[in-house]
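See structure below.
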Amino acid sequence: MSLHQIAVSHSFLLSSRSAYTLNPLLFSKRNRFRISLSHSRFTSIKHRSFAVAVSDNGIFTSPELAKSFDFTSEERIYNWWLSQGYFRPKFDWESDPFVISMPPPNVTGSLHMGHAMFVTLEDIMVRYHRMRGRPTLWLPGTDHAGIATQLVVERMLASEGIKRVELGRDEFEKRVWEWKEKYGGTITNQIKRLGASCDWTRECFTLDEQLSRAVIEAFIRLHEKGLIYQGSYMVNWSPKLQTAVSDLEVEYSEEPGTLYYIKYRVAGGSRSDFLTIATTRPETLFGDVAIAVHPQDERYSKYVGKMAIVPMTYGRHVPIISDKYVDKDFGTGVLKISPGHDHNDYVLARKLGLPILNVMNKDGTLNEVAGLYCGLDRFEARKKLWSDLEETDLAVKKEPHSLRVPRSQRGGEVIEPLVSKQWFVTMQPLAEKALLAVEKGELTIIPERYGKIYNHWLTNIKDWCISRQLWWGHRIPVWYIVGKDCEEEYIVARSAEEALRKARDKYGKDVEVYQDPDVLDTWFSSALWPFSTLGWPDELAEDFKRFYPTTMLETGHDILFFWVARMVMMGIEFTGTVPFSYVYLHGLIRDSQGHKMSKTLGNVIDPLDTIKEYGTDALRFTLALGTAGQDLNLSTERLTANKAFTNKLWNAGKFVLQVLPNRDNVSGWQNIEACKFNTEGYLLRLPLPECWVVSKLHMLIDAVTESYNKFFFGDVGREIYDFFWGDFADWYIEASKARLYHSGDDSVVLVAQTVLLYVFENILKLLHPFMPFVTEELWQALPNRREALIISSWPQTSLPRSTDLVKRFENLQALEEKEVLALLSKLDLDNIHFADSPPEDAKQSVHVIASEGLEAYLPLADMVDISAEVLRLTKRLSKMQTEYEGLKARLNSPKFIEKAPNDVVRGVQEKAAEAEEKINLTKNRLAFLKSTVMLSCSAHSTFRGLCSFLLLEAYYTQSSALITSPERNWLGQIRRY
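Just so it is clear: in the sequence shown, position 133 is 113 by this note's numbering, and no numbers are missing.
What follows is the structure, given as structure tokens:
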């Protein structure tokens, strides 16, 4: 058996094995044999050049002029899209619109991987539906970020030696607006760098006039329904910022602290009658209103009903009570109740009717209730108090204790639970409607498991504190009457003029009013985002009528409660409709080891730096391969692999362009355009390799379209990657070279050219939502293009395919096509024979199972050491059994069966059945070989040639971690011969 050396040109398509194996995690199907290409010259087809034509506009660069895709061209391409108006919805399309409201990043922000994730996923959705012919609106904007922005400007002023209070409110607000105009566009420009195809002509800012009008209207309507009220309640207080902050703006960290044990003497008792309490915050004892023990704690039952003396308070007495809330096993089992400074104590005090006693000023210093400690900072007071307790013999001991410390997300200071007068929204009536929306199927949450979390939070929802003690934001539309009680006498109005008019009507023309100094929580305006950006409260606004309700809300799972649920509640309340049909929640981006990215750990990956090194397309493709709701580990290895994918796509485009007819070859292009692959008859007349790749493409289009529609973006990426690299680049491009350079038949060449172009342009379409820049660049180089890829039509689904011929090709059973297969595998055609059943001497042959339905036999006589064959098959059997057991374990897992999609479960079942069949065949073969004598080993070249031939469709499974190793175990055994 003689071996033929393949002769192929185009050094840019050298061996793909190294690059292809960089990304083993992408393989969801088979990993085909990689072919190293040699250099030679072919004369059947001359290289064509379309470089001049594609470069005429100065925007795009042909692959024929560049070795690889130039990342610096991304901004030129983006600006061209923008200038052509491609991001704006087209109303001439007769279809329901696809609408996404961009989660507004903080105007103070700079791009991080969280932004890159949401931009990538939302842009994928938008580009896909735009190509499907739907009027598509992705509405961008930024959030005024009350606390963050005020902090930034205050720091800027401090560097100039200026304090906010010295400027006054009006001047300070003016300075903030100046800062916003100068620096506020940074995050927007960075988002554009990621390829965001949103309609920038509709860009919004939460303090725009229209959105501010919506905020005031929402406040007034809620107040008129009795859902907004003012009162003194427990909030998260930031002493440094001197404002209440939302739960989202509080981050908890485990930190080393101290547990202090303090004596509380029992009034009227002896010196031995005292209770010892354990606390982490002794300075709050001045706010104690009771001492509590568990009703079944016999140690303290004799003291229940008596009074205890609060230390260092000149003998102030508080009752000793019993309640099941007390944890007998924490500390000493005695709880001091300080409802003015602890969330749990506050709830307990309200339940028991205990008074609320506040001992702290807004700046974190103790007030007059603390007596001698008045004016001391809370932490200074803690030190002095403990020292005084030791001197008076009321300090028992202190010991190290791990604390869960609440810190401000913005300033890093310790947040103080504090009772403060604020404005609140009653949430329960709003939450009931939001719960019903999910129950009735009006709102779908992806992934589904977050629906349970959504329901739990809304079922246990608390009233929402919406006021903030800041100067930057939406001023609360409430005016007070000079000389009247603020809580009882106030006016709610849309403007100062309306408030004064209302006040005069009620109190007389000499009345004076002043506006509430507080602003609304930033999340209040964000809760209105899906409809305020479209013109609400003007429900006759053109955009509101066309685009509301929106289609999709995509964001991180960590703000499901703070933003998503509130938008649902507000949307139903003010418009009567759920503001979006779907909620898609992505996970967090972590480093390669699964650690949260932080500057402290030094593991932060900057998106802009990543783009410079790997390109935007590689970054987007990497991020999009995650699974909804699950965190994604990002590594340079993944980015490197997907950069190689970009280059492979570029080189494939270069090859396709060079084998197409000249642009001025009218008849050639007429012949190409006359080929229609949308009829079964035409498809079945194609030669087998062409029928196979076109059928596989049509199957891919259906699978990818279905995955796009289900928001399975990871599956989309893997399916396209596998087809492009494993089927098109590594198989069909190589097979086409036999047609293009060796056939000598113009009709054969035409078929190859047509199929190459047809498959490649459809790959570009399928991949465009993921990798918009390189696909548009390649698309513009195609001589038959008629419009930009971004607005081209999506490939037609349900196109004809021949599953029988696909299997026939993949099982190497087509005699009329074995010339191509033998050329690729370096075999002598005269020694290859195809049959529908095993040979008569099958038991005296080396037996290899290449794939389902394909077995090969090589006569053993005078060739092979049977003991080595036994060893090979034994190892192969062990590996197959391990894989089979893994599949069965998944199928036996109730969680997998319950949570995995039906098509995934079916896929695992089919793999298990196939694996079981292979195991049985291999066991039978081993049983026979073990009873056979040793034979001599010769003619190893023949054996290696056949093994190479079989490897063209060798079955590699995704679960193997050896894809990047030089050879697999069984391949290593084969190559020893």
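All residues carry an ideal CB built from backbone N, CA and C; glycine is no exception.
Everything numeric in this text was worked out from a predicted model, so none of it was measured.
What are the boundary residues of the beta strand (DSSP E) that includes Phe254?
Where Phe254 is concerned, the enclosing beta strand (DSSP E) stretches over 254 to 259.
Which residues bound the alpha helix (DSSP H) around Glu686?
Note, Glu686: alpha helix (DSSP H), 668 to 689.
Give the DSSP-derived three-state secondary structure of His566 in the structure shown.
His566 falls in the strand class under three-state DSSP.
Along the alpha helix (DSSP H) that carries Lys903, what are the first and last residues, could you check?
Unbroken alpha helix (DSSP H) run through Lys903: 882 to 909.
Taking all protein chains shown into account, do 16 or more other C-beta atoms lie within 10 angstroms of the C-beta of Thr52, making it buried, or fewer, making it exposed?
Thr52 is exposed by the Cβ-count criterion.
By a C-beta neighbour count over all protein chains shown, 10 Å radius and 16 as the cutoff for buried, is Arg698 buried or exposed?
So Arg698 ends up on the buried side.
So, is Phe30 buried or exposed, given that buried needs 16 or more other C-beta atoms within 10 angstroms?
For Phe30, the predicted structure reports a pLDDT of 45, less than 50, and the residue's modelled location is therefore unreliable. A value from the coordinates is still provided. Per the 10 Å Cβ criterion, buried.
In whole angstroms, what is the alpha-carbon distance linking Glu522 and Ala414?
C-alpha separation (whole angstroms): 27 Å.
Thr640: which of Thr734, Leu117, Pro881, Tyr662 sits nearest, CA to CA?
Rather than Thr, the amino acid found at residue 640 in this sequence is Leu. Of Thr734, Leu117, Pro881, Tyr662, the residue nearest in Cα terms is Thr734.
Just to confirm the assignment, what range does the alpha helix (DSSP H) spanning Leu137 have?
Note, Leu137: alpha helix (DSSP H), 126 to 139.
Would you kindly work out how many angstroms separate the C-alpha atoms of His95 and Asp322, rounded to a whole number?
Straight-line Cα distance between these residues: approximately 35 Å.
When you compare only the Cα positions, how much space is there between Leu410 and Thr557?
Near 13 Å, if we compare the C-alpha coordinates of Thr557 and Leu410.
Pairing CB atoms from the segment 449 to 458 with CB atoms from the segment 561 to 568, are three or more of them under 8 Å?
Contact fails: fewer than three Cβ-Cβ distances are below 8 Å.
Residues in the same chain with beta-carbon distance under 6 Å from Tyr241, minus the five sequence neighbours each way, listed in chain order, please.
Excluding sequence neighbours, Tyr241 sits near Thr256, Ala258, Val376, Lys377.
At 3 residues or longer, what runs of the beta strand (DSSP E) sit wholly inside the segment 445 to 482?
Whole beta strand (DSSP E) segments, 3+ residues: 458 to 461, 470 to 472.
Given a threshold of 16 other Cβ atoms within 10 Å of its Cβ, counted over all protein chains shown, does Asn764 qualify as buried or as exposed?
Classification of Asn764: exposed, given that the 10 Å Cβ count is below 16.
Roughly how many angstroms lie between the CA atoms of Arg766 and Leu677, to the nearest whole one?
Cα-Cα distance, rounded: 22 Å.
Does the distance from the CB of Thr223 to the CB of Leu450 come in under 8 Å?
Against a cut-off of 8 Å, the Cβ pair of Leu450 and Thr223 comes out as a contact.
With a cut-off of 8 Å on the beta carbons, I'd call Val225 and Ile127 a contact; round off their distance for me.
With a Cβ gap of about 7 Å, Val225 and Ile127 count as contacting.
Start and end of the beta strand (DSSP E) containing Gly297?
The residue asked about is misnamed: residue 297 is His in this sequence, not Gly. Residues 297 to 302.
Taking Cβ positions, are Ser75 and Pro115 nearer each other than 8 Å?
Contact: yes.
Out of Arg387, Gly295, Asn169, Val106, which one is the CA nearest neighbour of Gly235?
The sequence given here has Glu at residue 235, not Gly. For Glu235, the nearest C-alpha among the options comes from Arg387.
Along the chain, where does the beta strand (DSSP E) containing Arg600 start, and where does it finish?
Here Arg600 belongs to no beta strand (DSSP E); instead the alpha helix (DSSP H) covers 596 to 604.
Using 8 Å as the threshold, is the C-beta distance between Thr531 and Phe71 below it?
No, the Cβ-Cβ distance between Thr531 and Phe71 is not below 8 Å.
Looking only at C-alpha atoms, which of Lys903, Val888, Phe750 sits nearest to Arg600?
Among Lys903, Val888, Phe750, the Cα nearest to that of Arg600 is on Phe750.
State yes or no: is the C-beta of Tyr232 within less than 8 Å of the C-beta of Pro291?
No, they are not a contact pair.
Between the alpha carbons of Leu614 and Asp571, how many angstroms are there, rounded?
Rounded to the nearest angstrom, the two C-alpha atoms are 5 Å apart.
Please determine if the segment 118 to 134 and the segment 168 to 186 are in contact, where contact requires at least 3 C-beta pairs separated by less than 8 Å.
In short, these stretches touch, since the Cβ pair count reaches three.
Decide if Leu851 is buried, meaning its Cβ has at least 16 other Cβ atoms within 10 Å, or exposed.
Exposed, by the Cβ-count rule.
Have a look at the DSSP bridge pairing and note the partners of Pro397.
Its beta-bridge partners are Asn216.
Report all residues from its chain with a CB closer than 7 Å to the CB of Pro775; omit the five preceding and five following residues, and keep chain order.
Counting only Cβ-Cβ distances below 7 Å, and skipping sequence neighbours, we find Ile681, Asn742, Lys745, Leu746.
Any C-beta of chain D sitting closer than 8 Å to the C-beta of His381?
Looking at the structure shown, chain D is missing, and only one protein chain is on hand.
For Asp188 and Trp157, I'd like the C-alpha separation in whole angstroms.
If you take the alpha carbons of Asp188 and Trp157, they lie about 12 Å apart.
Taking the beta carbon of Asp343 as the centre, do at least 16 other beta carbons fall within 10 Å, making it buried, or is it exposed?
When all chains shown are included, Asp343 counts as exposed.
Three-state secondary structure (DSSP) at Arg193?
It is helical.
Drop a sphere of 10 angstroms on the beta-carbon of Gln760, count the other beta-carbons inside from all chains shown, and report buried for 16 or more, exposed for fewer.
Per the 10 Å Cβ criterion, buried.
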